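Trainee: Numbering (our numbering), first residue to last: 20 to 846. The C-beta atom is built at its ideal place from N, Cα and C for all residues, glycine as well. If you're wondering where the values come from, they're calculated on a predicted model, not measured in any experiment.
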Amino acid sequence: MTFRRWLFSCASLAPYTLLGGSLLVGSNAPALAQDAQVGDVFVQGDEAGARREAQAQKAPRAIKVVTSDTIEEQQLQTLDDFALKISNYRPNTSTAQWSFASIRGVGAGSNTGVGAHSATGFVLDNVFWQAPGFQWMNFSGISSFEVAYGPQGTAGGKNTTMGSVVIHSQAPSFTRRATLETSYGSYGRTTEKVNVTGPIIEDALAYRVTAYFDRDNGFIHDQVTGAGYGNFDRWGVRGQLLFVGDEISDRLIFSYASSNEYRNYFRSAIPIGNSSLIYANGTAPATSYAQNFSSRLGRPVLTFDPYKPYMAREGTDPQRNYTVSNELNVGIGDYLLTSISAYGFERGLERGFSDGNQLAAIRSGSMDTYAGQGSQELRLSSPKGQPFEWQVGLYGFAEDVLSQMHHTDFGADATKWYSLPAALPGVTDWWHVKATSHQAAGYANATYHIDEQAAITFGIRDSWERRSGSARHRPSLYYGAQYSPFQQEQAIIAAGGWGWTDTGVQAKNRNMLTALVNPEYKYNDNITLFGLVGRGEKASAVNITGTGPIYVKRDGVYYLVDHAPLLGNKPEVSWDYELGVKTNWLDERLFLNLTAYWTDLYNFQVVQSKTSYDTNGAPISVSNVGNAEQARMRGFEFDGRWSPIEKLWITFSGSLSDARWVKYTQAPAPSDWAWSTPANAPASFIKAPQYMSLSNTRWTNLPRWAFRAGANYEQPLGAVFSGSGLGPWAEQPISAFGYFNVAYTDKIQLTNPWSVVQYWNRPYVDLSVGAGLKTSDNRYRLTFWGKNLFNVVPFMSWSPGSGSTPTSVTLGMPPVTYGGTLSVVLD
């Protein structure tokens with residue numbers, strides 16, 4: 020067997036999707052590797068997507084795949100678009116730095132920030148990318164989108180505990196082709212895409228360049244500035260070179276992406292009414308938010324309509340991403356040596372102010388994040404088709420994240436609001452918070468084919484990881500002003516910010532073990548049974564969001580008494596158990612897959628409160644990353660597709676999720692359990708609790724049921740435009756096509772189970788449809804589409820407010836949109 024033929028039938032090119040399963044087939048492999056030619060090995064269009072779908076169907080693991088023909092025909096561009104096809108995956112996008120995807124309900128934890136690594140991984144072209152900013156942009160020229168479930172890392176990349184999102188882009192082809200696509204839609208949405216590929220040196224070197232431009236006007240407009248919030252304003256380019264020799268292949272990828280959008284509004288607390296807080300002891304704040312606003316600032320509240328904001332100083336959030344990666348494959352006899360090198364840098368600046376509604380410039384700023392990541396992987400793979408197949412590898416990873424936060428940034432109204440004369444406009448508490456991660460790991464996986472029906476896969480990974488961090492608070496103050504720098508710093512602390520402090524560098528080392536056992540049994544050609552027992556581990560989080568000191572006030576002056584720990588949390592450990600069956604019926608016109616899972620998470624990383632006391636015995640708390648003793652995810656998933664008649668395919672998936680705290684004894688109390696203790700309170704007065712137990716309660720912000728269903732159908736019409744004189748395309752036979760997607764989400768509890776007032780999102784359905792015409796050779800395609808046709812915009816969170824804040828929400832997906840897309844393919 021020649022190297023070129025063998026190379027594309029081996030395991031090395033797509034380990035992440037199958038992750039130790041007994042079917043380890045490269046993502047670029049043709050259907051019959053022994054018949055491969057240079058020109059067709061790297062054609063990554065509809066055939067490649069269908070091939071990935073077929074491979075996933077045979078793999079003894081829970082894997083969901085969206086193919087390239089679906090991606091292109093249905094205009095799937097962002098992670099939010101892909102989530103409409105997969106029931107137990109939620110990208111949770113808001114801004115580039117605060118978008119933490121989750122699989123089976125588990126991501127980076129509750130607001131633990133970029134210092135906590137996510138339990139859900141993100142892999143693009145065999146490279147693991149850690150920071151959420153790398154997942155922010157559009158994805159163009161995609162061969163397949165996949166979600167793989169369970170502990171990851173025994174077949175390469177970085178270890179994660181719940182699963183990974185895996186994206187394969189189209190590789191360079193030796194067949195020359197250019198695809199141009201233009202879309203127009205609601206809110207002035209304009210999207211342009213180009214995808215060009217072809218040979219540079221025949222049979223040796225090929226290239227591919229993909230680029231996109233995406234812009235609209237936003238769907239919520241500021242009532243003063245007219246700024247369009249929730250808008251798209253982004254572009255990106257991705258260039259690839261592929262070299263193929265007799266005993267070598269090398270794929271080099273460069274990418275750059277940029278966005279400059281009004282997105283911070285959707286992470287902010289958006290007012291929907293006056294404060295509605297009622298404490299659990301039956302009392303309420305002495306005055307409401309609207310009363311305090313009027314009395315302190317001398318003007319009325321302008322809006323409680325989330326779609327009519329009056330923002331004082333809202334800006335865009337510029338985001339820049341740069342990545343480069345190289346995958347080298349070298350044949351060594353019957354074995355394959357793979358080297359994957361990558362580096363990326365992302366910069367996210369947030370120019371929004373979450374307290375800026377009502378044209379009030381008070382205090383709250385945001386943050387700027389700079390993240391650099393490098394990785395190197397070496398892997399040796401055995402030949403395929405043997406009774407015993409194996410793979411061993413080494414993996415190195417380094418990440419450096421710097422967040423320059425300015426959450427206390429006084430505006431023109433701060434002096435009046437806080438009654439602090441020294442709260443001068445421009446006085447800022449700057450946080451310089453750094454989180455680093457260095458990992459060195461070795462892994463191995465092997466599959467033993469017991470006979471033609473039974474096989475078992477073992478995987479193991481040992482990872483040494485060092486997490487370190489530091490936090491410096493450096494207030495920006497005025498010198499020589501009416502109020503001294505000390506008075507200005509005291510004003511920052513009084514307003515809830517932090518003064519001049521420095522934690523120094525703190526570090527923690529950890530050796531982590533990931534392992535799995537994955538048996539499979541092929542009952543017959545239609546039914547394959549599989550099981551999995553896996554252990555995963557996640558290193559301690561760097562407390563990047565709650566790094567502040569704790570103060571007490573004595574004689575009118577704030578004094579430092581304690582500090583939230585940077586690395587006070589424990590590593591997180593998962594045990595995953597799965598049973599599943601994959602079936603195909605009716606001559607592979609019906610596929611149905613079922614999976615039951617049970618995952619226990621120990622020392623689950625969450626935001627907690629570190630509490631001290633002032634001189635009067637009142638609790639003073641600072642949020643920090645801590646641990647809940649145990650969480651449990653149990654559920655059932657199904658997915659499949661069915662073709663009842665020729666050219667009609669119906670797809671479906673669903674999940675039943677039961678995520679709950681088994682033991683969580685010191686959860687932060689919700690706001691309605693945080694009443695103050697009055698002066699000279701009687702001995703019988705019940706003080707507000709420091710903590711509350713959430714043990715044996717279900718997780719909030721997670722639906723119990725979720726379903727996805729869709730269909731696409733084609734109907735040949737013949738050469739209906741022949742002789743019309745409209746051009747060569749009109750002489751081609753034409754097909755009409757149509758599709759729809761329905762995404763059902765069950766009701767979601769948005770409030771703490773202990774809260775007096777409970778708020779639930781009602782169940783909702785997101786419906787998308789499309790229809791159009793295309794030529795038989797797929798060179799021309801015209802599509803008209805509509806998204807979110809029921810115009811559902813669910814709340815993502817809800818708060819009763821307080822005397823200082825209104826009843827507020829955060830908003831989810833955009834409203835109904837319509838548009839059209841024209842795609843043209845040129846040779």
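1) Taking C-beta to C-beta, are Gly-822 and Ser-307 nearer than 9 Å?
2) Between Ser-314 and the rest of its own chain, which residues show a CB-CB distance below 8 Å, the 5 nearest in sequence each way excluded?
3) Report the three-state DSSP secondary structure of Ala-50 (helix, strand or coil).
4) So, Leu-808 versus Leu-786, is the Cβ gap smaller than 9 Å?
5) Spell out a yes or no on whether the stretch 723-731 and the stretch 755-768 are touching, meaning 3 or more CB-CB pairs, one atom from each, closer than 8 Å.
6) Using DSSP bridges, identify the partner residues of Leu-548.
7) In whole angstroms, what is the alpha-carbon distance linking Pro-819 and Thr-770?
8) Considering only the beta carbon of each residue, do Leu-598 and Phe-657 sit closer than 9 Å?
9) Sorted by chain position, which residues of the same chain lie with C-beta nearer than 8 Å to Leu-585's C-beta, five sequence neighbours on each side aside?
10) Straight-line CA distance for Leu-620 to Pro-79?
11) Within the same chain, show all residues whose beta-carbon is closer than 7 Å to that of Ser-743, passing over the 5 residues directly before and after it, in chain order.
12) Answer yes or no: do Thr-210 and Gly-160 have a C-beta to C-beta separation smaller than 9 Å?
13) Given the structure, does Asn-612 come close to the ligand ADP, in the sense that its CB is under 8 Å from one of the ligand's heavy atoms?
14) Out of Arg-318, Thr-533, Asn-311, which one is the CA nearest neighbour of Gly-176?
15) Just verifying my parser: in three-state terms, what is the DSSP assignment at Thr-434?
16) Using 9 Å as the threshold, is the C-beta distance between Tyr-364 and Ser-394 below it?
17) Would you mind reading off the limits of the beta strand (DSSP E) that contains Pro-218?
18) Measure the C-alpha to C-alpha separation of Asp-765 and Asn-780 and round it to an integer number of angstroms.
19) For a quick check, are the C-beta atoms of Arg-867 and Gln-338 less than 9 Å apart?
20) Grab me the residues of Glu-408's own chain with a C-beta within less than 6 Å of its C-beta, minus the 5 sequence neighbours each way, in chain order.
21) Less than 9 Å between the beta carbons of Arg-370 and Thr-335, yes or no?
22) What is the DSSP secondary structure of Arg-382, counted as helix, strand or coil?
23) What are the start and end residues of the alpha helix (DSSP H) that includes Asn-760?
24) I need the DSSP call for Gln-15, collapsed to helix, strand or coil.
25) Which residues in the same chain as Ser-795 place their Cβ atom closer than 6 Å to its Cβ, once the five residues preceding and following it in sequence are excluded?
26) With a threshold of 16 other CB atoms inside 10 Å of the CB of Thr-180, please say whether the residue is buried or exposed.
27) Which residues mark the beginning and the end of the beta strand (DSSP E) in which Asp-785 is found?
28) Taking Ala-460 as the reference, which of Asp-448, Ala-474, Asp-481 has the closest Cα?
29) On the three-state DSSP scale, how would you describe Tyr-389?
30) Taking the alpha carbon of Thr-520 as the reference point, which residue from Glu-508, Arg-529, Asn-528 has its own alpha carbon closest?
31) Enumerate in chain order the residues of its own chain whose CB-to-CB distance from Trp-817 is below 6 Å, with the five nearest sequence positions on each side excluded.
32) If you draw a straight line from the C-alpha of Ile-479 to the C-alpha of Leu-535, how long is it?
33) By the three-class DSSP mapping on this structure, what secondary structure does Pro-337 have?
34) Secondary structure at Leu-397, three-state DSSP: helix, strand or coil?
35) Give the list of continuous beta strand (DSSP E) stretches no shorter than 3 residues that lie fully inside the stretch 695-755.
36) Any idea which residues DSSP pairs Ala-460 with across the strands?
Mentor: According to the structure shown:
1) Your numbering for residue 822 matches position 803 in the sequence shown. Your numbering for residue 307 matches position 288 in the sequence shown. Yes. Within cutoff.
2) Walking along the sequence shown from the start, residue 314 turns up at place 295. Cβ neighbours of Ser-314 beyond the five flanking positions: Thr-306.
3) The sequence position of residue 50 within the sequence shown is 31, counting from 1. The predicted position of Ala-50 is uncertain, since its pLDDT is 29 and thus under 50; no value can be drawn from it.
4) Here residue 808 corresponds to residue number 789 of the sequence shown, with the count starting at 1. Here residue 786 corresponds to residue number 767 of the sequence shown, with the count starting at 1. In this structure, Leu-786 lies closer than 9 Å to Leu-808 by Cβ.
5) The answer is yes - the stretch 755-768 touches the stretch 723-731, with three or more Cβ pairs under 8 Å.
6) To locate residue 548, count along the sequence shown from 1; it is residue 529. Paired residues: Tyr-540, Val-600.
7) Position 800 of the sequence shown, counted from the start, is the residue given in the question as residue 819. Position 751 of the sequence shown, counted from the start, is the residue given in the question as residue 770. Rounded to the nearest angstrom, the two C-alpha atoms are 10 Å apart.
8) Sequence index remark: in the sequence shown, residue 598 carries index 579 (1-based). Sequence index remark: in the sequence shown, residue 657 carries index 638 (1-based). No. Outside cutoff.
9) On the sequence shown, position 566 is the one that residue 585 refers to. The answer, listed in chain order, is Gly-488, Ser-489, Ala-490, Thr-522, Gln-525, Val-561, Asn-562, Thr-566.
10) Here residue 620 refers to the residue found at position 601 of the sequence shown. Here residue 79 refers to the residue found at position 60 of the sequence shown. Near 23 Å, if we compare the C-alpha coordinates of Pro-79 and Leu-620.
11) Against the sequence shown, residue 743 aligns to sequence position 724. Here the set comprises Ala-749.
12) Translated into the one-based positions of the sequence shown, residue 210 becomes position 191. Translated into the one-based positions of the sequence shown, residue 160 becomes position 141. Against a cut-off of 9 Å, the Cβ pair of Gly-160 and Thr-210 comes out as no contact.
13) Because no ligand of any kind appears in the structure shown, any question about the ligand ADP cannot be addressed here.
14) Position 157 of the sequence shown, counted from the first residue, corresponds to residue 176. Residue Thr-533 is the option with its Cα nearest to Gly-176.
15) Here residue 434 corresponds to residue number 415 of the sequence shown, with the count starting at 1. Note: Thr-434 maps to helix in three-state DSSP.
16) Here residue 364 refers to the residue found at position 345 when the sequence shown is read from its first residue. Here residue 394 refers to the residue found at position 375 when the sequence shown is read from its first residue. The sequence shown places Phe at residue 364, rather than the Tyr named in the question. Not a contact, by the Cβ cut-off of 9 Å.
17) Here residue 218 is taken as the residue at index 199 of the sequence shown, counted from 1. It spans 208-220 - the beta strand (DSSP E) in which Pro-218 sits, taken as one unbroken run.
18) Mapped onto the sequence shown, residue 765 falls at position 746. Mapped onto the sequence shown, residue 780 falls at position 761. Using only the alpha carbons, I get a separation of about 8 Å.
19) Outside the displayed range of the chain (20 to 846) lies residue 867, so it cannot be described from this structure.
20) The sequence position of residue 408 within the sequence shown is 389, counting from 1. Counting only residues of its own chain and dropping the five nearest sequence neighbours on each side, Glu-408 has a CB closer than 6 Å to the CB of Ser-401, Thr-466.
21) On the sequence shown, residue 370 is found 351 positions in, with the first residue counted as 1. On the sequence shown, residue 335 is found 316 positions in, with the first residue counted as 1. Yes, these two residues count as a Cβ contact at 9 Å.
22) In the sequence shown, counting from the first residue as 1, residue 382 sits at position 363. Of the three classes helix, strand and coil, the one that applies to Arg-382 here is coil, per DSSP.
23) On the sequence shown, residue 760 is found 741 positions in, with the first residue counted as 1. No alpha helix (DSSP H) holds Asn-760; the beta strand (DSSP E) holding it covers 753-764.
24) Look at the range of the chain in this structure, 20 to 846, and you will see that residue 15 is not part of it.
25) Working through the sequence shown from its first residue, we reach residue 795 at position 776. Cβ within range, chain order: Gln-751, Pro-752.
26) Residue numbering aside, residue 180 sits at position 161 when the sequence shown is read from its first letter. Buried, since its Cβ has 16 or more Cβ neighbours within 10 Å.
27) Along the sequence shown, read from residue 1 onward, the residue named residue 785 stands at position 766. That run of the beta strand (DSSP E) goes 783-794.
28) Residue mapping note: residue 460 aligns to position 441 of the sequence shown, counting from 1. Looking from the CA of Ala-460, the closest CA among Asp-448, Ala-474, Asp-481 belongs to Asp-481.
29) On the sequence shown, position 370 is the one that residue 389 refers to. In the structure shown, Tyr-389 adopts extended strand secondary structure according to DSSP, grouped into three states.
30) Position 501 of the sequence shown, counted from the first residue, corresponds to residue 520. Among Glu-508, Arg-529, Asn-528, the Cα nearest to that of Thr-520 belongs to Glu-508.
31) If you number the sequence shown from 1, residue 817 lands on position 798. Within the same chain, Trp-817 has close Cβ partners Leu-769, Tyr-778, Val-828.
32) Numbered from its first residue, the sequence shown carries residue 479 at position 460. Numbered from its first residue, the sequence shown carries residue 535 at position 516. Cα to Cα, Ile-479 sits roughly 7 Å from Leu-535.
33) Translated into positions along the sequence shown, residue 337 becomes position 318. Correct three-state label for Pro-337: strand.
34) Within the sequence shown, numbered from 1, the residue matching residue 397 stands at position 378. Note: Leu-397 maps to strand in three-state DSSP.
35) List check, beta strand (DSSP E) in window: 724-737.
36) As a first step, residue 460 must be located in the sequence shown, where it is residue number 441. DSSP lists Tyr-414, Ser-482 as partners of Ala-460.
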